[in-house]
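Student:
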Amino acid sequence: MVFSSIIFIFAFLPITLLLYYIAPEILKNPVLLIFSLIFYAWGEPVYVVLMIFSIIFNYVMGLDIQERLKIGKQTAKRSLIFTIVVDIGLLGFFKYYGFVSSNLNAVLPFSLPEIDVTLPVGISFYTFQTLSYVIDVYRGETKVQKNIIAFGTYVTMFPQLIAGPIVQYKDIDEQLRNRSLSGDQIGEGAVQFIRGLTKKVIFANTIGSVFSTLSAQSIDEMSVLSAWMICIAYTFQIYFDFGGYSDMALGLGKMLGFRFLPNFDYPYVSLSATEFWRRWHISLGTWFREYVYIPLGGSYVNPARHIRNMFVVWLCTGLWHGADWNFVFWGLYYGVILTVEKYFLLKYLEKTPRIVQHVYALLIVMIGWVFFSSPDLGTAGSLLGVMFGFGEHALADSTGLYYLTSNLLLIGVMILASGPILHRALDRFIVLFRYPKAAATVCYLAMFLLCIAFLVNETYNPFLYFRF
Amino acid sequence: MYGGPYEKGAMKKRGDGMKDGIKKIRDRIYAFTDIMKTDILFRYNFIKAVLIISLIVFVVFLLGGNTGSSRSAEEIAESVVPHLMQTQQSGTEEAPDGQEQETAGAAEGGQDGQTEEDAENGGDTGVFDGMGQATALDFKRIFGLNAEDYEGVEYFKPISQMDVEELLIVRLASDDQAEALEEAVEERVDSQKTSFDGYGAAQCALLEKAIVKTRGNFLFYCVSPDAEQYYQAFLDAM
Chain V
0 MVFSSIIFIF AFLPITLLLY YIAPEILKNP VLLIFSLIFY AWGEPVYVVL
50 MIFSIIFNYV MGLDIQERLK IGKQTAKRSL IFTIVVDIGL LGFFKYYGFV
100 SSNLNAVLPF SLPEIDVTLP VGISFYTFQT LSYVIDVYRG ETKVQKNIIA
150 FGTYVTMFPQ LIAGPIVQYK DIDEQLRNRS LSGDQIGEGA VQFIRGLTKK
200 VIFANTIGSV FSTLSAQSID EMSVLSAWMI CIAYTFQIYF DFGGYSDMAL
250 GLGKMLGFRF LPNFDYPYVS LSATEFWRRW HISLGTWFRE YVYIPLGGSY
300 VNPARHIRNM FVVWLCTGLW HGADWNFVFW GLYYGVILTV EKYFLLKYLE
350 KTPRIVQHVY ALLIVMIGWV FFSSPDLGTA GSLLGVMFGF GEHALADSTG
400 LYYLTSNLLL IGVMILASGP ILHRALDRFI VLFRYPKAAA TVCYLAMFLL
450 CIAFLVNETY NPFLYFRF
Chain A
0 MYGGPYEKGA MKKRGDGMKD GIKKIRDRIY AFTDIMKTDI LFRYNFIKAV
50 LIISLIVFVV FLLGGNTGSS RSAEEIAESV VPHLMQTQQS GTEEAPDGQE
100 QETAGAAEGG QDGQTEEDAE NGGDTGVFDG MGQATALDFK RIFGLNAEDY
150 EGVEYFKPIS QMDVEELLIV RLASDDQAEA LEEAVEERVD SQKTSFDGYG
200 AAQCALLEKA IVKTRGNFLF YCVSPDAEQY YQAFLDAM
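Quick mapping for you: the protein sequence lines, in order, are chains V and A. All residue numbers for the first sequence refer to numbering that gives the first Met the number 0, where the first residue is 0 and numbers rise by one. All residue numbers for the second sequence refer to numbering that gives the first Met the number 0, where the first residue is 0 and numbers rise by one.
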């Protein structure tokens with residue numbers, strides 16, 4: 000089930016919220032757990048079994064590690080390694096087996112069997128969440144959760160189940176035990192949900208259709224303008240799609256009494272690739288920093304090891320996004336860029352005008368999206384070739400001009416919405432009224448109705464990050 | 000009397016043996032529950048073992064599910080086709096004016112063409128933008144195979160000669176049919192590529208992304224900009 004669907008907005012969400020609000024304190028977690036499992040099973044009836052396994056397994060392993068810590072660190076460490084092997088093994092089997100076997104079959108004298116399993120939605124997200132829990136229990140950074148319902152609620156919580164943010168257990172431990180709900184918080188959550196819905200339904204889906212249509216063209220006959228339009232369209236689509244989802248997740252969380260940490264902080268206003276990654280998919284960056292980068296030594300080692308650590312993290316980041324060479328390349332691309340920025344470029348870049356820094360950062364990010372969105376590295380290379388004028392391609396063609404002119408207004412609005420300007424302007428506009436709360440209600444209700452109008456005419460349009 | 004005291008003794012012995020056996024099992028269960036109560040690590044190890052075995056059973060079951068489906072080819076196609084119609088309609092709406100007219104024109108022409116062919120072939124019903132339901136004769140002509148040899152064939156062919164979108168779902172009668180059918184489909188893709196090579200860049204791009212998959216007792220083949228989505232719908236339907 001997706002948030003931006005009529006069935007979610009008009010059936011699942013109202014029923015869940017109603018039962019959740021009327022349930023006594025002790026039953027709130029069970030209600031949330033049951034509805035989260037229904038939410039997941041809606042599209043993944045088989046893989047809900049895998050999720051239930053993951054809950055029980057990691058719950059037991061948390062208790063096991065806690066118990067073994069009383070005996071000695073070594074035995075607890077063995078238990079932790081076993082947990083990590085099983086969790087990563089499951090993720091690896093469902094997500095990477097096809098990729099690994101097809102590559103090995105190309106070089107091995109024998110063939111590994113071809114297994115055609117579909118990727119369980121959200122497995123990358125919930126595996127990272129459960130891993131954060133068992134690692135933190137081992138490190139003593141969080142208390143073990145003895146209530147399996149509370150732990151199951153943490154793993155399955157529907158607002159962040161499918162596409163994050165990756166909530167670390169220690170950030171939510173207290174809220175699972177005790178949380179408060181107020182009218183203001185519910186209202187704040189509803190506003191954030193509508194903002195996210197608008198980003199997804201009005202911006203991401205509209206510009207996404209431009210990307211799909213233009214991408215269907217043959218690259219050989221593509222003009223430079225069309226190639227740039229593809230890149231621009233995807234740059235906006237992925238931000239408003241994933242950023243919109245995160246906003247909806249945070250909004251729904253607030254409506255249920257939870258406060259998740261933000262996942263995006265206007266990434267396209269960044270002045271370097273380093274800054275971009277501090278603002279983009281923050282929960283993933285934080286996870287890799289805490290559970291991979293720092294344990295490897297982080298930056299408190301000699302430069303050679305530091306560079307190795309950075310490349311390990313970026314290789315993992317690329318692979319986390321998908322089992323394909325273009326994701327590996329995309330990860331390593333950022334590994335190179337961030338290393339160069341750290342050791343050389345950043346100090347010179349900071350002396351240039353802000354506009355130069357901004358153009359540089361956007362260019363790096365947009366080139367990155369070409370690798371990310373392309374089906375293979377060859378296509379990415381060809382598209383970049385057209386964008387930068389390699390080969391005999393027309394500067395502009397009627398298709399490129401048509402899509403540019405017909406989407407100019409949308410692109411303008413999206414540029415404003417990518418930064419804090421539009422949000423601040425809206426907030427300031429609302430307080431101009433005599434009754435700001437009433438004005439805000441009318442304003443967001445209008446946005447909501449507009450989204451519904453878009454949704455009614457739309458076919459199934461899942462979030463881009465569902466496939467990760 | 001038959002058996003007499005010997006039989007009674009034997010029964011008594013057998014009964015005592017059974018009682019001893021039950022007692023032993025009961026004692027072992029008690030011992031096991033005692034350890035489970037007292038040795039917490041034993042308890043966790045036992046749960047871990049049960050969980051890992053359950054996981055292995057689940058994965059085996061999942062892969063076993065890969066052997067196919069008991070549904071008919073028609074049922075599977077019915078689940079995929081509405082999805083196909085919906086996506087293609089929305090795709091047409093997005094095209095610019097010039098292209099929209101061109102696509103609509105092609106579709107209309109194609110549909111007309113299909114209607115004429117339908118009349119020749121005894122009448123087909125399912126017609127979509129870019130493809131329309133074909134007959135057993137079409138299947139024979141295009142793939143060189145007899146539809147009757149299979150348990151079910153659902154084929155949607157391009158509706159005009161300038162289209163390459165097509166969808167084929169076949170329920171195999173036996174496993175050994177898979178290889179020949181896959182070869183026939185690959186030949187079809189190659190032949191289409193040859194036909195459009197040089198002037199139909201968009202068609203060639205679609206053919207490059209053609210999906211040909213055998214899943215258990217089913218073969219799926221699709222050429223379309225949204226082939227991945229149709230394959231997913233096919234998997235879901237199975």
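Here a beta-carbon is modelled for each residue, glycine too, at the ideal position from N, C-alpha and C. Every value quoted in this text rests on a predicted model; they were computed, and no experiment measured them.
Note down, in chain order, each residue of its chain lying with its Cβ closer than 8 angstroms to the Cβ of D111/A, except the 5 sequence neighbours on either side.
Tutor: At D111/A, the pLDDT of 38 sits below 50, so the modelled position is not reliable; the number obtained from the coordinates is stated separately. Its chain contains no residue whose beta carbon lies nearer than 8 angstroms to that of D111/A once the 5 sequence neighbours on both sides are disregarded.
Student: Taking any Cβ of chain V, which residues in the segment 219 to 236 of chain A have a Cβ under 8 angstroms from it, in chain order?
Tutor: Taking 8 angstroms as the Cβ-Cβ cut-off against chain V, the residues of the segment 219 to 236 of chain A that qualify are P224, Q231, L234.
Student: List the endpoints of the continuous alpha helix (DSSP H) containing T404/V.
Tutor: 397 to 405
Student: Anything in chain V within Cβ reach of F317/A, meaning under 8 angstroms, just list it in chain order.
Tutor: Because chain A spans 0 through 237 in this model, residue 317/A falls outside it and cannot be assessed.
Student: Could you give the first and the last residue of the continuous alpha helix (DSSP H) run that contains V133/V?
Tutor: 122 to 138
Student: So, is the C-beta of I114/V closer than 8 angstroms to a C-beta in chain A?
Tutor: Answer yes: the Cβ-Cβ gap between I114/V and chain A drops below 8 angstroms somewhere.
Student: Which residues mark the beginning and the end of the beta strand (DSSP E) in which R170/A is found?
Tutor: 165 to 170
Student: Between L251/V and F192/V, which are expected to be in contact by the criterion C-beta below 8 angstroms, what is the C-beta distance as a whole number of angstroms?
Tutor: 6 angstroms
Student: Might you give, ordered along the chain, the residues of its own chain that have their beta carbon closer than 7 angstroms to the beta carbon of L468/V, omitting 5 neighbours on each side?
Tutor: Residue 468/V lies beyond the range of chain V shown here (0 to 467); nothing can be said about it.
Student: Are S232/V and V268/V closer than 8 angstroms when you measure CB to CB?
Tutor: This sequence places Ala at residue 232/V; Ser is not what is there. No, the Cβ-Cβ distance between A232/V and V268/V is not below 8 angstroms.
Student: Distance check for L144/A and D123/A, CA to CA, integer angstroms please.
Tutor: Bear in mind that the predicted position of D123/A carries a pLDDT of just 42, short of 50, making it too unreliable to give a figure here.
Student: Pick helix, strand or coil for F263/V, following the three-state DSSP scheme.
Tutor: coil
Student: In chain A, what lies closer than 8 angstroms to D219/V by C-beta?
Tutor: Simply A200.
Student: Using a Cβ-Cβ cutoff of 7 angstroms, what residues of the segment 32 to 45 of chain A are near chain V? List them in chain order.
Tutor: Residues are counted here when their Cβ sits less than 7 angstroms from a Cβ of chain V; for the segment 32 to 45 of chain A these are I39, L40, Y43, given in chain order.
Student: Give me the Cα-Cα distance between E165/A and T316/V, rounded to the nearest whole angstrom.
Tutor: 37 angstroms
Student: Check the Cβ-Cβ distances between K192/A and every residue of chain V, and say whether any is below 8 angstroms.
Tutor: no
Student: Please work out which residues of its chain come closer than 7 angstroms, Cβ to Cβ, to Y292/V, disregarding the five sequence neighbours upstream and downstream, and give them in chain order.
Tutor: N308, V312
Student: Out of V327/V, E66/V, S271/V, point me to the one whose CA is closest to T338/V's CA.
Tutor: S271/V
Student: Could you check if T152/V belongs to the surroundings of the ligand ADP, using beta carbon to heavy atom distance under 7 angstroms?
Tutor: Absent from the structure shown: the ligand ADP. Ligands present: none.
Student: Give the range of the beta strand (DSSP E) segment to which I210/A is assigned.
Tutor: 210 to 214
Student: Looking at C-alpha atoms only, which residue of G388/V, V327/V, Y347/V is the closest neighbour of F98/V?
Tutor: V327/V
Student: Please list the terminal residues of the continuous beta strand (DSSP E) segment that includes K156/A.
Tutor: 151 to 157
Student: Thinking C-alpha only, which one of R70/A, D15/A, T193/A is nearest I168/A?
Tutor: R70/A
Student: Would you verify that the beta carbon of V163/A is, or is not, closer than 8 angstroms to some beta carbon of chain V?
Tutor: no
Student: Should E93/A be flagged as near chain V, meaning a C-beta pair shorter than 8 angstroms?
Tutor: Caution is warranted here: a pLDDT of 41 is assigned to E93/A, below 50, making its placement in the model unreliable, and no coordinate value can be reported.
Student: Which residues of the segment 220 to 247 of chain V have a Cβ closer than 7 angstroms to any Cβ of chain A? Give them in chain order.
Tutor: E220
Student: Please work out which residues of its chain come closer than 8 angstroms, Cβ to Cβ, to L218/A, disregarding the five sequence neighbours upstream and downstream, and give them in chain order.
Tutor: L167, I168, V169, L171, A177, L180, E181, V184, V211, K212
Student: Could you list which residues in chain V have their beta carbon closer than 7 angstroms to that of L54/A, in chain order?
Tutor: Under the 7 angstroms cutoff, chain V gives F52.
Student: Taking the CB atoms as reference points, tell me whether A189/V and Y137/V lie closer together than 8 angstroms.
Tutor: no
Student: Considering only the beta carbon of each residue, do F275/V and P261/V sit closer than 8 angstroms?
Tutor: no
Student: Return the CA-CA distance between R423/V and Q216/V, expressed in angstroms with no decimal places.
Tutor: In this structure, the alpha-carbon of R423/V lies about 39 angstroms from that of Q216/V.
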